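Novice: I'd like to ask some things about the structure below.
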Amino acid sequence: MASADAIPTGHGEPGNMAPRLQELEARLSDELKLRRYTERVLDKRQEELELKEAKLLHLSQTVQRLKRELHEARNQLDSTKIQLQTRSTQLNEVRDQVFRLQPARSEITESEAKSLYQNLCKSIQRWVESRMSSLDSMGGARVGTMPGALQAYRLVALLRESARRCIDVDQSEEFHVFAIIMNYIALGLFSRSFYSPIDESNDNATQLWIDKIEEAMSGQRDAEFCRNWRSDTLTTITTHPRFQVIRDGYLDFLSKDLASFLSPFALRGTQQELQKSIRKNILDPAADLAHQLHLATPVFTLKWPVRHAWSRLEVYDCTNLADGGLPVDFTGTEANSPSRKNVSYLFDLAPGLFIERIESGKRLGPKAIARPQVLVHTAPTRCVQSYTTIRLLWDIADPERPPSRVNGQRVAAQRRE
Numbered sequence: 001m002a003s004a005d006a007i008p009t010g011h012g013e014p015g016n017m018a019p020r021l022q023e024l025e026a027r028l029s030d031e032l033k034l035r036r037y038t039e040r041v042l043d044k045r046q047e048e049l050e051l052k053e054a055k056l057l058h059l060s061q062t063v064q065r066l067k068r069e070l071h072e073a074r075n076q077l078d079s080t081k082i083q084l085q086t087r088s089t090q091l092n093e094v095r096d097q098v099f100r101l102q103p104a105r106s107e108i109t110e111s112e113a114k115s116l117y118q119n120l121c122k123s124i125q126r127w128v129e130s131r132m133s134s135l136d137s138m139g140g141a142r143v144g145t146m147p148g149a150l151q152a153y154r155l156v157a158l159l160r161e162s163a164r165r166c167i168d169v170d171q172s173e174e175f176h177v178f179a180i181i182m183n184y185i186a187l188g189l190f191s192r193s194f195y196s197p198i199d200e201s202n203d204n205a206t207q208l209w210i211d212k213i214e215e216a217m218s219g220q221r222d223a224e225f226c227r228n229w230r231s232d233t234l235t236t237i238t239t240h241p242r243f244q245v246i247r248d249g250y251l252d253f254l255s256k257d258l259a260s261f262l263s264p265f266a267l268r269g270t271q272q273e274l275q276k277s278i279r280k281n282i283l284d285p286a287a288d289l290a291h292q293l294h295l296a297t298p299v300f301t302l303k304w305p306v307r308h309a310w311s312r313l314e315v316y317d318c319t320n321l322a323d324g325g326l327p328v329d330f331t332g333t334e335a336n337s338p339s340r341k342n343v344s345y346l347f348d349l350a351p352g353l354f355i356e357r358i359e360s361g362k363r364l365g366p367k368a369i370a371r372p373q374v375l376v377h378t379a380p381t382r383c384v385q386s387y388t389t390i391r392l393l394w395d396i397a398d399p400e401r402p403p404s405r406v407n408g409q410r411v412a413a414q415r416r417e
């Protein structure tokens with residue numbers, strides 16, 4: 001019979017399984033963590049792949065767009081080459097004219113430019129004084145043919161900032177008209193690259209071509225050479241009979257346009273007479289001067305007074321409204337001088353004439369040879385306010401602006417008390 005010690009009791013198995021289960025659970029936990037980590041890595045990798053695919057698609061689209069642009073650029077290049085060949089032919093023709101048929105060119109001197117410009121300003125001022133009519137009036141306003149809102153807006157746009165503050169100043173009408181004319185011819189003639197079109201194209205292509213050639217040439221040549229080339233080229237072109245026809249057409253357009261601007265001021269004469277008078281007394285002499293200035297080697301420009309001109313009256317030619325338009329000289333004075341205690345700066349009348357000389361192949365800084373003109377008021381009392389044609393045009397240009405109130409009111413100009 002077997003011994004009792006050899007019979008298994010079974011009490012030892014649960015005790016031996018517990019560590020084994022703990023080990024399996026730990027391994028299972030590690031496996032789960034590893035699997036979750038692997039899944040996260042795979043998800044991240046998938047996102048990166050999708051992002052790269054999106055970028056690749058974008059790059060592919062960009063490449064296709066660039067290919068289309070390259071194709072268009074090549075077409076433009078071919079077109080530009082054709083235009084360049086045409087321009088090159090034109091350049092050779094002009095160059096042949098310049099160097100074989102070039103007329104003698106006599107340049108305007110600094111003193112001549114100063115004298116002619118000052119005489120032009122005086123002539124225009126006398127023309128305004130003689131043409132301004134006092135027959136038809138409404139208060140302080142001269143009433144002619146009133147324009148529509150668009151034309152009125154174009155006219156008041158010619159008023160400089162300082163003049164817009166003085167549209168109600170009594171007895172200032174003639175000075176406003178003079179300033180409008182000076183601003184008009186400055187924009188229409190003197191401020192252009194060349195005062196008149198030199199061909200019949202809508203974009204003045206020949207002038208643009210000359211400007212581009214001069215600009216390209218400036219990288220390799222000095223300023224004096226470039227200016228001389230420009231002046232010689234324009235001199236040759238302007239001697240062609242066709243240029244005179246183009247010039248006359250442009251000046252006729254300006255005279256008609258300026259006459260329409262001035263029609264509200266009831267200037268003496270019919271509209272046709274006014275156009276002829278403007279052409280003869282304003283535009284022709286202004287164009288003749290601009291012609292000489294634009295063909296000169298030195299650079300002539302018109303410049304208006306700077307802002308806050310009231311503090312620098314000593315450098316301007318001043319006209320006194322309180323004294324009927326007589327000149328008053330503040331040369332040598334300062335803003336706080338006793339002689340300027342009761343002086344009010346009203347608005348700009350005419351730009352000054354400046355010159356940039358060319359010496360040793362370089363352009364020098366601008367120098368005033370004819371000073372800008374401004375209107376001032378030298379009296380202890382302020383300027384009286386009245387209803388003017390300028391105010392009427394201002395209200396027409398902006399009908400939503402409330403009408404001016406002038407009953408006994410006075411306008412305060414910029415002044416130093």
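Once you know that position 199 of the sequence shown is 199 in full-length UniProt numbering, the rest is easy, because the numbers rise by one and skip nothing. Glycine included, every Cβ here is placed at the ideal spot set by N, Cα and C. Just so you know, these numbers come straight off a predicted model, no measurement behind them.
Buried or exposed for L66, going by 16 or more other Cβ atoms inside 10 Å?
Specialist: exposed
Novice: Report buried or exposed for H71, applying the criterion of at least 16 other Cβ atoms within 10 angstroms of its Cβ.
Specialist: Exposed, because fewer than 16 other Cβ atoms sit within 10 Å of the Cβ of H71.
Novice: List the endpoints of the continuous beta strand (DSSP E) containing V374.
Specialist: Q373 to T378
Novice: Based on the DSSP secondary-structure assignment, which residues constitute the bridge partners of A205?
Specialist: According to DSSP, A205 bridges with nothing at all.
Novice: In chain order, which continuous runs of the beta strand (DSSP E) of length 3 or greater are located wholly inside the region 273 to 322?
Specialist: 299 to 303 and 317 to 320
Novice: Quick one: give me the first and last residue of the alpha helix (DSSP H) that Y250 is part of.
Specialist: P241 to L262
Novice: Assign S162 to buried or exposed, taking buried as 16 or more other Cβ atoms, counted over all protein chains shown, within 10 Å of its Cβ.
Specialist: buried
Novice: Find out if the Cβ-Cβ distance for the pair L158, A287 is shorter than 8 Å.
Specialist: no
Novice: Taking the alpha-carbon of R391 as reference, which of K303, Y153 and G365 has the nearest alpha-carbon?
Specialist: The residue with the shortest Cα to Cα distance from R391 is Y153.
Novice: Please name the residue, chosen from E23, K33, R227 and V374, that lies closest to R307 on a Cα-to-Cα basis.
Specialist: Its Cα nearest to that of R307, the residue V374 stands out among E23, K33, R227 and V374.
Novice: Can you check DSSP and say which residues form a bridge with E356?
Specialist: Beta-bridge pairing links E356 to V299.
Novice: State the start and end residues of the unbroken beta strand (DSSP E) segment that holds A113.
Specialist: Careful: A113 lies outside any beta strand (DSSP E), inside the alpha helix (DSSP H) at E110 to R131.
Novice: What are the partner residues of P327, as DSSP defines its beta bridges?
Specialist: T319
Novice: Return helix, strand or coil for K383, following the three-state DSSP convention.
Specialist: One point to set straight first is that residue 383 is Cys, not Lys, in the sequence displayed. Strand at C383.
Novice: Could you check the C-alpha separation between L346 and E273 for me, to the nearest Å?
Specialist: 32 Å
Novice: To the nearest angstrom, how far is the alpha carbon of R36 from that of L28?
Specialist: 12 Å
Novice: To the nearest angstrom, how far is it from the Cα of E215 to the Cα of D199?
Specialist: Spanning the alpha carbons of E215 and D199 requires a straight line of approximately 20 Å.
Novice: Here's the rule I'm using: 16 or more other beta-carbon atoms within 10 Å means buried, otherwise exposed. How should Q125 be labelled?
Specialist: Around the Cβ of Q125, a 10 Å sphere holds 16 or more other Cβ atoms; the residue is buried.
Novice: For D284, collect the residues of the same chain with a Cβ closer than 8 Å to its Cβ; drop the 5 residues on either side in sequence, then sort them by chain order.
Specialist: L251
Novice: Counting only the same chain and skipping the five closest in sequence on each side, list residues whose C-beta sits under 8 Å from that of R363.
Specialist: Excluding residues within five positions, the ones whose Cβ falls inside 8 Å are A223, V299, E356 and R357.
Novice: For the putative contact between E107 and A296, defined by C-beta atoms under 8 Å, what is the C-beta separation to the nearest angstrom?
Specialist: 5 Å
Novice: Can you give, in chain order, each stretch of the alpha helix (DSSP H) that sits fully within the region 183 to 227 and has at least 4 residues?
Specialist: You should have 205 to 217.
Novice: Along the chain, where does the alpha helix (DSSP H) containing I390 start, and where does it finish?
Specialist: T389 to A397 is the span of the alpha helix (DSSP H), which, as asked, contains I390.
Novice: Drop a sphere of 10 angstroms on the beta-carbon of D232, count the other beta-carbons inside from all chains shown, and report buried for 16 or more, exposed for fewer.
Specialist: buried
Novice: Between which two residues does the beta strand (DSSP E) harbouring A370 extend?
Specialist: Its beta strand (DSSP E) spans residues K367 to A370.
Novice: For V343, count neighbouring C-beta atoms within 10 Å of its own C-beta (all shown protein chains included) and say buried if the count is 16 or more, exposed if not.
Specialist: Classification for V343: buried.
Novice: Report the option in L393, T381, V376 and G352 whose CA atom is closest to the CA atom of F175.
Specialist: Measuring from the Cα of F175, the nearest candidate turns out to be V376.
Novice: Alpha helix (DSSP H) containing Q151: first to last residue?
Specialist: A149 to V156
Novice: From G139 to A259, what does the alpha carbon distance come to, in whole angstroms?
Specialist: Its pLDDT being 41, under 50, G139 is placed unreliably by the model, and the measurement read from it follows with that caveat. One C-alpha to the other measures close to 24 Å.
Novice: Looking at K114: is its Cβ nearer than 8 Å to the Cβ of L353?
Specialist: Closer than 8 Å, so yes.
Novice: According to DSSP, simplified to helix, strand and coil, what is R27?
Specialist: helix
Novice: Out of T378, F225, L208 and F194, state which residue places its alpha-carbon closest to the alpha-carbon of L289.
Specialist: F194
Novice: Apart from the five residues just before and just after L42, which ones in its own chain have a Cβ nearer than 8 Å to its Cβ?
Specialist: By the criterion of a C-beta distance shorter than 8 Å, L42 is surrounded by no residue of its chain, once the five residues flanking it on both sides are discounted.
Novice: Could you check what DSSP says for A350 in three-state terms: helix, strand or coil?
Specialist: strand
Novice: Tell me which residues share the same chain as I180 and place their Cβ nearer than 6 Å to its Cβ, disregarding the 5 neighbours each side in the sequence.
Specialist: L158
Novice: Does R142 come out as helix, strand or coil in the three-state DSSP assignment?
Specialist: Bear in mind that the predicted position of R142 carries a pLDDT of just 48, short of 50, making it unreliable; the figure below should be weighed with that in mind. Here R142 sits in strand by DSSP.
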